[in-house]
Each structure stands twice: as C-alpha cells, then as structure tokens.
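The sequence shown maps to residues 4 to 263 in the working numbering.
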Amino acid sequence: MEDVLRMATVNYYWNTVTTCKIYKHPIITSKRQLNALVNNLSEYNQGFIECLDLTAVHQYVTDPILYAFLRVTHLKQLNLSNCTYVSPAGILPLIKSNVSQLQKLTLTGCTLSTEVLEWIGEAIRQQLYCLSLRNTMIKPCKTIDTTNHLDTMLYTHTNTFEANLRELDLSYCCWVNEETLNNIAHKLPYLEHIVLQWCNQIKASSIHSMVKRLTYLSTIDIRHISTIDTFEQACNVMQYTSSIKKIVFTHKATSFEIIT
C-alpha cells in the first residue's frame, strides 16, 4: 500500500491509476479501516468506487456512515449484509444515486421500506441481476410475519419485458406468501435462481404455479418448507417445468439435492 501511495505522487496519470486501484473496491475489514475510508472520502475519489462491501464491519455501520457515500454514483455492487444498525433512510440514498449502475445488491438482515423496494424495482429495470433480501423486515408492518407481496418493487416501475433479475434470495423472509410468488412469476420472467429457504407461509401449489411460469428457472432452494419435505414432493415440482436442473430441499432435517 505504501508503494501505491508513493506512485500517486509521481504525476496526474499515476495519481489517477493509483486512486482507482485504492477506491474501486476498497477492502474494509476493521473499524479503523472503515473510519479511515470515511474520513478520506472526497467527491473525486468517490467517483472511483464500484464495489462497496461492508459485511466485515457490519457492526460499525450506521446511517451517518452510509451518508458519507452520498456522492458515490458508479456502484455496481453493494453488500450491506447484517448491517442491522442502518435504517431504510440510510440505505435509500445509496440505491437512488446508483440505480442505473447497480448489478448486485445484498441487503441480508436489513430493515427496508416500501420506498426502498420501489427503487430496487427501478434498479431491476436497469442492470440489477442479483438481489438478496434474505432475512429482511419490510416496514411498515404490524408483526415480523406480516406478508408483503413486493407490489411496490415489481409493479411501480417494472414491466414484464424490462425485468433483468436473474438471481433472487428470499430465504428466512417470514413475509413471503403465495401472492408474493405469484407476483414474482408474473414480473420476473428471466429469473434463473431463487432461494425460498424457511419461507413457511408458502404452499406447494404456489411453488408449482411459479415454476410453471418461470421458463428460465434452473435452480430452486426450498429447504425447510414444511409442504415439500419428501423426495416425492420435491420430484413433483419437476413435473411442472422442464427448465429446472437442481432442486434443494430438506427431508427429516437433512438437506438433499435433486439434479437432472
């Protein structure tokens, strides 16, 4: 790193090259590194950031930390996994500022809002192909298992022919039910991989309807779903589609894969 910093002082060209190297995908593994990055951000070097992964320092990430990145506008990947101290108000500006650039968005364990979902929908219409909403809570909600059908994400901005999403992780989302799957089936036609692990409000019939409509779907993870917990029930899913190549399910607390 010291060598890189010395190169930055040679001339304008090397300053640009080294700044790009440092900021394009900053490696942040400690609170000290996080604070150093935030304290040294300028409008100039924020323009180089394309990948922001705060997973390793999730316990230190707050809304004020995210506000420090407000001038980042070229993000292709954003990972806020387990950043439980941030609110929808902290997440929303990052998504809005990078909505046309985002390709991969990971919000595992975060608290979201309908407005955040609306802008995720706009990102799906642009370049977003991989989305994780694993173990998220969507406000406003009365209880943790209050259902959400992703209407604001899938219907506000996105029409059927513009949805580019290929990978979707909804595992541990208590708010997913059969209507959620129905919306996914109708609005995300190019989906190839979906994870529904521990989504216990959905029924086998809604999974059958979804896979029948999603003709590009090749992998489905339905572990720990009580309505599909035998080999026969898992194999029955295959009868509704010819595209699926792998099903992951649970039988008596053990995970199995069916690969065709």
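Ideal placement from N, C-alpha and C gives every residue a C-beta, glycine not left out.
Secondary structure note for leucine 171: its beta strand (DSSP E) is the uninterrupted segment 170-172.
Here the alpha carbon of threonine 149 sits roughly 10 Å from the alpha carbon of asparagine 180.
Shown here for valine 75: same chain residues with a beta carbon closer than 6 Å to its own, the five before and five after excluded, namely Gln49 and Ile52 in chain order.
In this structure, DSSP gives glutamate 195 a state outside helix and strand, which the three-state scheme calls coil.
Excluding the 5 residues flanking it on each side, histidine 77 has same chain C-beta neighbours closer than 6 Å at Glu53 and Gln104, in chain order.
Cβ neighbours of tyrosine 88 within its own chain (closer than 7 Å, five residues either side excluded): Val64 and Thr65. Within the stretch 102-151, the complete alpha helix (DSSP H) runs of at least 4 residues fall at 117-129. Ranking Glu121, Cys176 and Pro96 by CA distance to the CA of tryptophan 201 puts Cys176 first. Collapsing the DSSP output to three states places lysine 249 in a strand. Counting only runs of 4+ residues, the alpha helix (DSSP H) found wholly inside the stretch 43-107 occupies 46-49, 66-70 and 91-100, in chain order. Annotation for isoleucine 205: no alpha helix (DSSP H) segment contains it, and DSSP assigns it neither H nor E. Look at the beta carbons and you see the stretch 136-154 not touching the stretch 206-220: under three pairs across the two are nearer than 8 Å.
Comparing alpha carbon positions, the residue from Arg169, Trp178 and Glu165 closest to glutamine 204 is Trp178. In the DSSP assignment, isoleucine 187 falls within the alpha helix (DSSP H) that extends over 181-190.
Separation of threonine 253 and isoleucine 225 (C-alpha to C-alpha, rounded to the nearest whole angstrom) is 8 Å.
In the displayed model, aspartate 154 falls within a helix according to three-state DSSP. Residue pairing of phenylalanine 259 in beta bridges, as defined by DSSP: Phe252. The beta carbon of alanine 237 is closer than 7 Å to those of Ile231, Ile250, Phe252 and Ile261 in its chain, skipping five residues each way along the sequence. Close CB contacts of histidine 61 within its chain, under the 6 Å cut and outside five residues either way in sequence, are with Asn85 and Cys86 (chain order).
Within a 10 Å sphere around the beta-carbon of threonine 109 sit 16 or more other beta-carbons, which makes this residue buried. Scanning its chain for C-beta atoms nearer than 6 Å, with the 5 sequence neighbours on each side dropped, one finds around leucine 44 the residues Ala71, in chain order. Looking at the DSSP output, threonine 222 shares a beta bridge with His196 and Lys249. Around isoleucine 147, the same chain offers Met140 and Cys177 as residues with beta carbons nearer than 7 Å, after the five sequence neighbours per side are excluded. Between tyrosine 132 and alanine 166, the C-beta gap is not smaller than 8 Å, which leaves the two residues out of contact.
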